[in-house]
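Chains as they are written, first to last, in the UniProt record's numbering: chain P, 1 to 398; chain E, 1 to 398.
Think of the CB as a built atom: it goes at the ideal place given N, C-alpha and C, for glycine as much as any other residue.
This one's a predicted model, so the numbers in the text were calculated from it and none came from an experiment.
Protein chains: 2
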Amino acid sequence: MTDFQATRRQFDLPEGMIYLNGNSLGPMPKAAVPAMTGFLNDEWRTELIKGWNTKNWFMQTNTLGDRVGRLIGAPEGTTVVGDTLSIKVFQAVAAGMAMVPDRRVILSDNGNFPTDLYMVEGLIKLKDAGYTLRTPDPEDVMAGITEEVGVVMITEVDYRTGRRHDMRAIIERAHSVGAVVVWDLAHSAGAVPVDVGGCDTDFAIGCTYKYLNGGPGAPAFIHVAPRLLDTVEPFLSGWYGHEAPFAFDKDYRPMPGRIERMRIGTPSIASFALLSAALDIWDGVDMGDLHAKSIALSELFIREVESRCPGLTLVSPRDPQARGSHVSFAYENGYAAMQALIAENVIGDFRAPDVMRFGITPLFIGEVEIMGAVDTLEAILKEERWKDERFQKRSLVT
Amino acid sequence: MTDFQATRRQFDLPEGMIYLNGNSLGPMPKAAVPAMTGFLNDEWRTELIKGWNTKNWFMQTNTLGDRVGRLIGAPEGTTVVGDTLSIKVFQAVAAGMAMVPDRRVILSDNGNFPTDLYMVEGLIKLKDAGYTLRTPDPEDVMAGITEEVGVVMITEVDYRTGRRHDMRAIIERAHSVGAVVVWDLAHSAGAVPVDVGGCDTDFAIGCTYKYLNGGPGAPAFIHVAPRLLDTVEPFLSGWYGHEAPFAFDKDYRPMPGRIERMRIGTPSIASFALLSAALDIWDGVDMGDLHAKSIALSELFIREVESRCPGLTLVSPRDPQARGSHVSFAYENGYAAMQALIAENVIGDFRAPDVMRFGITPLFIGEVEIMGAVDTLEAILKEERWKDERFQKRSLVT
């Protein structure tokens, strides 16, 4: 049984803050500071260039990748960290397109995270070979998977509503028509149980700054099915993915049969120190336990909001199995109400046009925070505090 | 006049080490630790998601970019940091190709850093439209710039020999035949005076972990000529380069007229904290002073090695204006001799087949270190200490 009191003690949360935004940027683990000062003083400062050998900097992409992999059901040796999620979208979809060279349709949905769609747009423009990106409504994705489709690129959990796609069903359908599947697990990894190995997805990608708590701009990850590791084309073929990176050959040869071939350029080793500290907390966590607690807290939150906060309408699926680990409500004064909440140190966020979003992160959130957040929201609504002028002004990140 | 005693005091170099590898990985500035703990404790820990607003995380790509830009002669607002150099190679060359859509030849040289060639190889494979990468000898680049050539992609300073291309002449020649130029300044930024603005290059890219001392895997940079900022195609079109990144539009619209359009995904903010501390040291440095000191130290080093270290042959250009800020010697027992030097705490590196490489970095290296390094090398050769068995074994990074 996972000890969530213990996980919670490992975070350094500001006094008095109720942080319901771990789905966007996770909080800092207490171990982040010693891990980082250790890296600075005992690795970079003292080892300097030798750190690539003596501190294993070069293979942290893989050791950290395997630790993320465990949380998404990936077998060892099939996941690496590095780059940004946007780059990994590009890399995975480009590789997928090459696996079905005779097809010209990429299927996603209009609930996908925008940067995923942007990156594919850029890729299509770069290829300049008649590709089309289709973005039907999420509920029409299954019907849209036809023999025209080369690559299906889907984000499992919708960043606004928390609606969850049926990963297994989509993969089966895609494979049955000969399409390749890329899953974006940005809102899944560390949020819900995922079994990329059992589902036999072709690619899975995601980020580590949300539920995994690696810090702002922490590295992305990519998983590739073992059956593809011999043949998958990196396209973004940098020296870090070369068969012999230190031979400085003139020609690129992808690392044969290994996930290293999806590595690109030199990753930030400092960011790996933070991610490593964050993953230490995850090492003791069972994803089943986590999901059970996420559901219990989410159900409590929904029940309390619906009974005490008039005007808010649940836009997340009511079925907990069809949700990720955040809960969203539509509210016509949602922007100002969220600013009022934040002013009271209850941190959620807002997504246009009217969605108030709350991350339910059992590693550091319990019933006390859930009830406290609803108490504050109820008071804001009752006293119409959201009408205050200072809550109307739009800031850069909402 | 730049005070190099002052710059040197700002680095935390291990006691007794002579570090002649700042051309590969710069040493840690003393300010790195407080800068990083400040970021962790006063930004991530306390601000959490609000840091994107309150701590200006979102625009550090640009504030840091401008500070790097000053060192390469880039006007304000034309340089951003982020991603890896491999990604920036891809992005710049892809954009360049689109500017001359009727040409199918990319010209580089066989002295270019391998990952630059690898990334273009991958790009060509992805485009699958009959492109060719030509890599003549460096001295044949000028003659190779013909009307067939669409993009000229050159690294100014050769990573092995330190040979320096004539940036202005190559740009003039390329522009005269209608080609676009991408300069890789990995071994130039912070090493030699560069004037990307005055030379009117189309693109310049580079990394910040060598002479700029941003730490292992510190972010890359990209500069785009002001005249191109309205039209340049990002291709790697992530949300960070969108006109309205927080509007979460479904379609990509590049930030009009601004360098932000070359940003891709969410960068590591922790790595920015380190880079910022490293650039503080550069703020007081005049590149002319730096270059003068680099030349004086390099000339001293060459003179001393040539008079005291038989068997070593200079492979760097003898003309200091034709060199970057590292000096290389060929030596048939170079690998073992370098390991013997490293065992004596004199750190240079080795590049196959026989090149011993020494970075001359005036920010923290002076005559004492130069003479100390040559003393040690002389003794190793005289006593044939390089024959020791433990110096024969090849390690991952040499």
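P/GLY38 counts as exposed, since fewer than 16 other C-beta atoms from the protein chains shown sit within 10 angstroms of its C-beta. If you check the CB distance, P/SER328 and P/VAL346 do not come in under 8 Å. P/MET1 sits exposed, since fewer than 16 C-beta atoms from the chains shown fall within 10 Å of its C-beta.
Chain P places a beta carbon closer than 8 Å to that of E/THR46, counting this residue as a contact. Within chain P, no C-beta atom comes nearer than 7 Å to that of E/MET371; the closest sits roughly 21 Å away. If you draw a straight line from the Cα of P/MET142 to the Cα of P/GLY51, it is about 48 Å long. Counted as a single uninterrupted DSSP element, the beta strand (DSSP E) harbouring P/HIS223 occupies residues 220 to 224. Annotation: the continuous beta strand (DSSP E) that includes E/PHE203 extends over 203 to 207. Contact annotation: the segment 88 to 96 of chain P touches the segment 207 to 226 of chain P, with at least three C-beta pairs closer than 8 Å.
In this structure, the alpha-carbon of E/GLY150 lies about 15 Å from that of E/VAL232.
Taking all protein chains shown into account, E/LYS393 has fewer than 16 neighbouring C-beta atoms within 10 Å of its C-beta and is therefore exposed. When C-alpha distances from P/THR46 are compared across E/GLU139, E/GLY215 and E/PHE4, the shortest belongs to E/GLY215.
Contact between P/LEU229 and P/ILE87 is ruled out by a C-beta separation of about 19 Å, above the 8 Å threshold. Its Cα nearest to that of E/ASP3, the residue E/GLY366 stands out among E/ARG160, E/GLY366, E/MET371 and E/THR376. Under the three-state reduction of DSSP output, E/PRO136 falls in the coil class, being neither helix nor strand. Three or more Cβ pairs closer than 8 Å define a contact, and the segment 194 to 209 of chain P falls short of that threshold against the segment 3 to 15 of chain P.
DSSP lists P/PHE11 as the bridge partner or partners of P/PRO29.
Within the same chain, Cβ atoms closer than 8 Å to the Cβ of P/ALA340 are found at ILE380, ARG385, TRP386, ASP388 and PHE391, the five residues on either side in sequence being excluded.
P/VAL177 counts as exposed, since fewer than 16 other beta carbons sit within 10 angstroms of its beta carbon. Using beta-carbon distances, P/PHE235 counts as an interface residue toward chain E, with a partner under 8 Å. When C-beta distances to chain E are compared with 7 Å, the residues of the segment 104 to 123 of chain P below that value are ASN110, PRO114, THR115, LEU117, TYR118, MET119, GLU121 and GLY122, in chain order. Counting along the chain, P/MET17 sits inside no beta strand (DSSP E), nor does DSSP assign it H or E at all. Per DSSP, reduced to three states, the secondary structure at E/ARG394 is coil, with no helix or strand assignment. Judged by their CB atoms, E/ASP184 and E/PRO138 are not nearer to each other than the 8 Å cut-off. The DSSP-derived three-state label of E/GLY359 is strand. P/ASN62 sits away from P/GLU299, with the two beta carbons spaced by 8 Å or more. For P/ILE170, same chain residues with a beta-carbon under 8 Å away, outside a window of 5 residues either side, are VAL141, MET142, ILE145, VAL152, ILE154 and VAL181 in chain order. Taking 4 residues as the minimum length, the alpha helix (DSSP H) runs contained wholly in the segment 84 to 151 of chain E are 85 to 99, 114 to 127 and 141 to 144, in order along the chain.
Cβ-Cβ distances below 7 Å link E/ALA189 to VAL68, LEU71, ILE72, GLY206, TYR211 and LEU212 in the same chain, with the five nearest sequence neighbours on each side left out; the list follows chain order. Straight across, the Cα-Cα distance linking E/ALA352 with P/LYS250 is about 12 Å. P/SER307: member of the alpha helix (DSSP H) spanning 287 to 308, first to last residue. Between the segment 320 to 327 of chain E and the segment 157 to 167 of chain E there are three or more inter-stretch CB-CB distances shorter than 8 Å, so the stretches are counted as touching.
Judged by DSSP in its simplified three-state form, E/ILE365 adopts coil rather than helix or strand.
Taking CB atoms only, P/ASP200 has no neighbour in chain E less than 8 Å away. Secondary structure remark: continuous beta strand (DSSP E) runs of at least 3 residues inside the segment 151 to 217 of chain P, in chain order: 180 to 184 and 203 to 207. Within the DSSP secondary-structure output, P/VAL80 pairs in a beta bridge with P/ILE222.
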